[in-house]
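Trainee:
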Amino acid sequence: MTPVLGVEREPMKTISEARETLLTTFSDDWGSDIAALKGVPWGKAMMWVFLLSDTFIFTCFLVGYMSVRMSTVEPWPNPSEVFALHAFGASVPLLLIAIMTFVLISSSGTMAMAVNMGYQRRKEAATNLILVTALLGATFVGMQAFEWSKLILDEGVRPWTNPFGAPQFGAVFFMVTGFHGLHVSAGVIYLLTIAFRIRRGKYDESNFEIVEITGLYWHFVDLVWVFIFALFYLW
Amino acid sequence: MTQAEVPYQETMVVHHPRSWITRYWFSQDHKVISVQYGVTAIAIGLVALVLSGLMRIQIGFPGLLPFITPDIYYQAVTMHGMIMVIFLLTAFLLGAFGNFCIPLMLGARDMVFPFVNMLSYHIYLLSVLVLMASYFVPGGPTGAGWTLYPPQAILPGTPGVDWGIVTMLLSLIIFVVAFTMGGLNYITTILQARTRGMTLMRMPLTVWGLMMATVLGLLAFPALFVSAVMLLLDKLVGTSFFMPAVVSFGQPLEHSGGSPLLFQHLFWFFGHPEVYIVALPAFGVVSELISVHSRKNIFGYRMMVWALVAIGVLSFVVWAHHMYVAGMHPYFGFFFATTTLVIAVPTAIKVYNWVLTLWKANIRLTVPMLFALAFILTFVVGGLSGLFLGNVIIDVPLSDTYFVVAHFHMVMGVAPILVIFGGIYHWYPKLTGRLLNNTLGHVHFWVTFLGTYAIYYPMHYLGFIGVPRRYYANGMESVFYPESAATLNEFITIAALVVGLMQFVFVYNLIASYFRGKAAGSNPWDATTLEWQTLKTPPSHGNWGDTLPTVHRWAYDYSVPGEEQDFVPQNVERKP
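Residue numbers (this note's numbering), protein chains in the order written: chain A, -18 to 216; chain B, 2 to 577.
1. Against chain A, with Cβ distances strictly below 8 Å, would residue 585(B) count as a contact?
2. So residue 23(A) contacts chain B; which residues on that side make the cut at Cβ distance below 8 Å?
3. Please tell me whether residue 451(B) has its Cβ less than 8 Å away from any Cβ of chain A.
4. Alpha carbon to alpha carbon, how far is residue 474(B) from residue 449(B)?
5. Who are the near neighbours of residue 412(B) in its chain, counting only those whose CB is closer than 7 Å to its CB and skipping five residues on each side?
6. Grouping DSSP H, G and I as helix and E and B as strand, with all else coil, what is residue 568(B)?
7. With 16 as the cutoff for other CB atoms within 10 Å, does residue 557(B) come out buried or exposed?
8. Is the beta carbon of residue 506(B) less than 8 Å from the beta carbon of residue 408(B)?
9. Considering only the beta carbon of each residue, do residue 278(B) and residue 183(B) sit closer than 8 Å?
10. Does residue 157(B) have its Cβ less than 8 Å from a Cβ in chain A?
11. Given that residue 176(B) touches chain A, what residues does it touch there, using C-beta distances under 7 Å?
12. Since residue 81(B) is in the alpha helix (DSSP H), which residue starts that stretch and which ends it?
13. Are any of the Cβ atoms in chain A nearer than 8 Å to that of residue 579(B)?
14. Can you give me the C-alpha to C-alpha distance between residue 494(B) and residue 54(B), rounded to a whole angstrom?
15. Say whether the stretch 237 to 248 of chain B touches the stretch 142 to 153 of chain A, bearing in mind that this needs 3 or more beta-carbon pairs closer than 8 Å, one atom from each stretch.
16. On the CB-based measure, 16 or more other CB atoms within 10 Å of its CB, does residue 509(B) come out buried or exposed?
17. By the DSSP assignment, the beta strand (DSSP E) with residue 68(A) in it spans what residues?
18. Is DSSP giving residue 3(B) helix, strand or coil here?
19. Chain A partners of residue 240(B), CB-CB under 7 Å?
20. Are the C-beta of residue 167(A) and some C-beta of chain B separated by less than 8 Å?
21. Which one of 127(B), 134(B) and 248(B) has the shortest CA to CA distance from residue 156(B)?
22. Does DSSP put residue 87(A) in a helix, in a strand, or in coil?
23. What do you reckon, are the CB atoms on residue 192(A) and residue 95(A) nearer than 8 Å?
24. Pop quiz: residue 54(A) and residue 257(B) are said to be a contact at Cβ under 8 Å. What is the actual Cβ separation, rounded to whole angstroms?
25. Taking only beta-carbon atoms, is residue 13(A) less than 8 Å away from chain B?
26. If you measure between the beta carbons of residue 160(A) and residue 42(A), is that distance less than 8 Å?
27. In three-state terms, what does DSSP make of residue 563(B)?
28. State yes or no: is the C-beta of residue 147(B) within less than 8 Å of the C-beta of residue 82(B)?
29. Between which residues of its own chain and residue 178(B) is the CB-CB distance below 7 Å, once the five residues before and five after are set aside?
30. Give the DSSP bridge partners of residue 435(B), in chain order.
31. Might you give, ordered along the chain, the residues of its own chain that have their beta carbon closer than 6 Å to the beta carbon of residue 460(B), omitting 5 neighbours on each side?
32. Can you name the residues of chain A whose CB is closer than 8 Å to the CB of residue 231(B)?
33. Following the continuous alpha helix (DSSP H) through residue 128(B), name the residue where it begins and the one where it ends.
34. Ignoring anything shorter than 4 residues, give me the alpha helix (DSSP H) runs that lie fully in the stretch 131 to 204 of chain B, in order along the chain.
35. Since I believe residue 181(B) is in contact with residue 159(B) (beta carbons under 8 Å), could you give me their beta-carbon distance rounded to a whole number of angstroms?
36. Do you know whose CA, among 470(B), 22(B), 138(B) and 559(B), lies nearest residue 490(B)'s CA?
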């Protein structure tokens, strides 16, 4: 064994040896004692598993949506007409949704910056960025509330009927965006809690991986929105 | 030392209870939570047992108990099925065995997030209470059958259509939340909180079974959650996810354009993995029991692990074999029949390995071992009738008969219950420090085991001659089968009542032995796994003393040549 860059390393191997070593190291790492995912905090591992499970929930909702869209006997409404907004004297399709999507995607950016600040132990900056993220999330929910009230009050869309066509349109719309909105709202509360706790010094002993764990959830909610946006508003 | 080198569990601070209520009610100790899960599941299971007794009396002796109206009968069918599958089997195997075995067998102090674990139990309790509330709401519980198929589940004419179906669906939604909280804990504990030396391939098969079952649960319960939410919206808000245009009692309803088949797909996408959520922990536990009580290492450990994984993966691509009678394209039928039959391969590997473990072993016919052996027999019988039902062309005529009742009770009703009994007899000494009464245990075993066959063997025959299942009373169609069918039903009912009553003897044994049972010692079965190596019996809060145990060998070092004892615990160092 020769020290390379100050680390004791095995001598070079042939390709087939290396391939074998790669596979065995891979399985040895996973199968070794204590932890399958080395250095991964419990909370982070748990969040990943939770998100996997939550993915299945949203997948089932979206598959259900596609299925009723096929089974319904009435024509499906044209989303670019339903979700148009009158602005500057013209009907702009998907204007509100575009802004909402932009806000939510931006919040993912600020969240990622918060994670970075957390690992640099810059508590103040991390807290502020988390608060900005929460504010953007709250803005998203607020705009969603505006969208819902416009559809319900002005256009008469109901879960069981709507003036544009298939009654399943309203049903799926309120169910899926509502469930996603609940996720965003829960995320905002989650972010505020974490920001408050960081400020109080609860995580000073750790290396602020909690910010990353919170971020995982937030990015997930964001990613789900991309699918809802594509499958619901663009299709 | 960098952070990766210090296992988190070494620095884990176990929450110490300060008062009675945090020690026994809102406890964060996995052992207490395990008992809470177990007691609740057994209590609710006894309710389901009584319901099945009522059903059997109606089937065997129609009209004997005049208060069993068709409504009461269908409500009993529904509640019996749902309670047994979800609130007893799933909750007991994962909630009780999972909570007890995972930290103890892996050498952890507790689950990774004890507070979430505590919440998990209490939310489960809430779901049970909501379910039981069904019996106290106007109209009683739903009588839609445990599959809750729309449209009939939410249409007038089905018992409990006003309130019962709502409490049922809410209860399921709450249960999914509870399960998710528990399941996240189980997986994270198994993946991330094992003790030094406990590699994945040294884990006892019980833990492997629990882990795979939890993975299945976390991926399958979402489908149940979604179908319950959508059905609830159809019922309460008037959406039409699952409701086509329906004329009900001469009146066209508001619904139109929904797909009842969508519900069946979602339900069985949950429902089939659910079979394995129940079966995989049972496989794991039974592997443990067989190895310990036959004083021999489990045959083909690696194959056993990979078979668990293969069954878990395959269980997600077979769901539509529950829907052959709903009608489907023949190619789909072919696909699902093929995948269904392919599952027989890893399952057969497991059965062969259990049998080969027994071969030339020093078998101790203790009560847990008897239950384990009974499991193999029962599971093989149920599995073989599954081969019949997996084929479209045989399933279609048999699907609505007692053959199916016999099949699924054998394979996923009785077989896992036998393992639960075996597991209780096996771990009760560690949990309480006392042995269960052996004589009562033998009586319980023989009556339950033979009684099971007296109940379900004849049902296969009933199914073949065409007796339909779920019927309150047989009418005109009974001219097609001989009168002996009625006699056979009487016989089955009597057997079922005897078996049912025997379970109360078991419950008596559980309670009486807690106070008067023989002292067990720390390792009554001479087992190798870590839970038998704790300093105290029952294990104290935090499970281990100041230091966590270190594992030096796999879980099945039985009858190793050259050793003084016929077992070597996992935490004993290897000889140089």
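Glycine is no exception: its CB is placed at the ideal position from the N, C-alpha and C atoms.
Mentor: According to the structure data:
1. Residue 585(B) is absent from the structure shown; chain B starts at 2 and stops at 577.
2. In the first sequence, counting from the first residue as 1, residue 23(A) sits at position 42. Chain B residues near residue 23(A): 9, 113, 114, 189, 193 and 194.
3. By 1-based counting over the second sequence, the position of residue 451(B) is 450. Judged by the 8 Å Cβ criterion, residue 451(B) is not in contact with chain A.
4. Residue numbering aside, residue 474(B) sits at position 473 when the second sequence is read from its first letter. Residue numbering aside, residue 449(B) sits at position 448 when the second sequence is read from its first letter. Distance between the alpha carbons of residue 474(B) and residue 449(B) is about 27 Å.
5. As a first step, residue 412(B) must be located in the second sequence, where it is residue number 411. Around residue 412(B): 380, 383, 384 and 387.
6. Within the second sequence, residue 568(B) is the residue found at index 567, counting from 1. Three-state result, residue 568(B): strand.
7. Translated into the one-based positions of the second sequence, residue 557(B) becomes position 556. By the 10 Å Cβ count, residue 557(B) comes out buried.
8. Position 505 of the second sequence holds residue 506(B). Position 407 of the second sequence holds residue 408(B). No, they are not a contact pair.
9. Position 277 of the second sequence holds residue 278(B). Position 182 of the second sequence holds residue 183(B). For residue 278(B) and residue 183(B), no; Cβs fall outside 8 Å.
10. Within the second sequence, residue 157(B) is the residue found at index 156, counting from 1. Taking Cβ atoms only, chain A never reaches closer than 8 Å to residue 157(B), which makes this a no.
11. The residue you call residue 176(B) lines up with position 175 of the second sequence. Residues of chain A passing the Cβ test: none, with the nearest at roughly 14 Å.
12. Your numbering for residue 81(B) matches position 80 in the second sequence. Where residue 81(B) is concerned, the enclosing alpha helix (DSSP H) stretches over 71 to 83.
13. This structure leaves residue 579(B) out entirely; chain B is present only between 2 and 577.
14. Stepping through the second sequence from its first residue, residue 494(B) is reached at position 493. Stepping through the second sequence from its first residue, residue 54(B) is reached at position 53. The alpha-carbon atoms of residue 494(B) and residue 54(B) are separated by roughly 8 Å.
15. yes
16. For the purposes of this step, residue 509(B) is taken as residue 508 along the second sequence, with counting starting at 1. That one is exposed.
17. Numbered from its first residue, the first sequence carries residue 68(A) at position 87. Residue 68(A) -> beta strand (DSSP E) spans 66 to 68.
18. Translated into positions along the second sequence, residue 3(B) becomes position 2. Confidence is the limiting factor: at residue 3(B) the pLDDT is only 39, short of 50, which leaves the residue's position unreliable, though a coordinate-based value still follows. Looking at residue 3(B) - three-state DSSP - the assignment turns out to be coil, as it is neither helix nor strand.
19. Counting from one through the second sequence, the residue named residue 240(B) turns up at place 239. Those within 7 Å of residue 240(B) in chain A are 140, 141 and 152.
20. Walking along the first sequence from the start, residue 167(A) turns up at place 186. Answer no: the Cβ-Cβ gap between residue 167(A) and chain B never drops below 8 Å.
21. Position 155 of the second sequence, counted from the first residue, corresponds to residue 156(B). Measuring from the Cα of residue 156(B), the nearest candidate turns out to be 248(B).
22. For the purposes of this step, residue 87(A) is taken as residue 106 along the first sequence, with counting starting at 1. Helix, per DSSP.
23. For the purposes of this step, residue 192(A) is taken as residue 211 along the first sequence, with counting starting at 1. For the purposes of this step, residue 95(A) is taken as residue 114 along the first sequence, with counting starting at 1. For residue 192(A) and residue 95(A), yes; Cβs fall inside 8 Å.
24. On the first sequence, position 73 is the one that residue 54(A) refers to. On the second sequence, position 256 is the one that residue 257(B) refers to. Indeed they touch by this definition, with Cβ atoms about 6 Å apart.
25. By one-based count along the first sequence, residue 13(A) stands at place 32. Closer than 8 Å: yes.
26. As a working note, residue 160(A) is residue 179 in the first sequence. As a working note, residue 42(A) is residue 61 in the first sequence. Yes, they are a contact pair.
27. Against the second sequence, residue 563(B) aligns to sequence position 562. Coil, per DSSP.
28. Counting from 1 along the second sequence, the entry for residue 147(B) is found at position 146. Counting from 1 along the second sequence, the entry for residue 82(B) is found at position 81. Closer than 8 Å, so yes.
29. Mapped onto the second sequence, residue 178(B) falls at position 177. Contacts found: 124.
30. Here the question's residue 435(B) lines up with position 434 in the second sequence. DSSP, once it has assigned bridges, lists 520(B) as partnering residue 435(B).
31. Within the second sequence, residue 460(B) is the residue found at index 459, counting from 1. Answer for residue 460(B): 403, 406 and 407, listed in chain order.
32. What you label residue 231(B) is simply residue 230 of the second sequence in a count that begins at 1. Near residue 231(B) (Cβ distances below 8 Å), the residues of chain A are 45 and 156.
33. In the second sequence, residue 128(B) corresponds to position 127, counting from 1. Segment 115 to 134, the alpha helix (DSSP H) holding residue 128(B).
34. 165 to 193
35. Position 158 of the second sequence, counted from the start, is the residue given in the question as residue 159(B). Position 180 of the second sequence, counted from the start, is the residue given in the question as residue 181(B). Going by Cβ atoms, the distance from residue 159(B) to residue 181(B) rounds to 29 Å, so no, they are not a contact pair.
36. On the second sequence, position 489 is the one that residue 490(B) refers to. Of 470(B), 22(B), 138(B) and 559(B), the residue nearest in Cα terms is 470(B).
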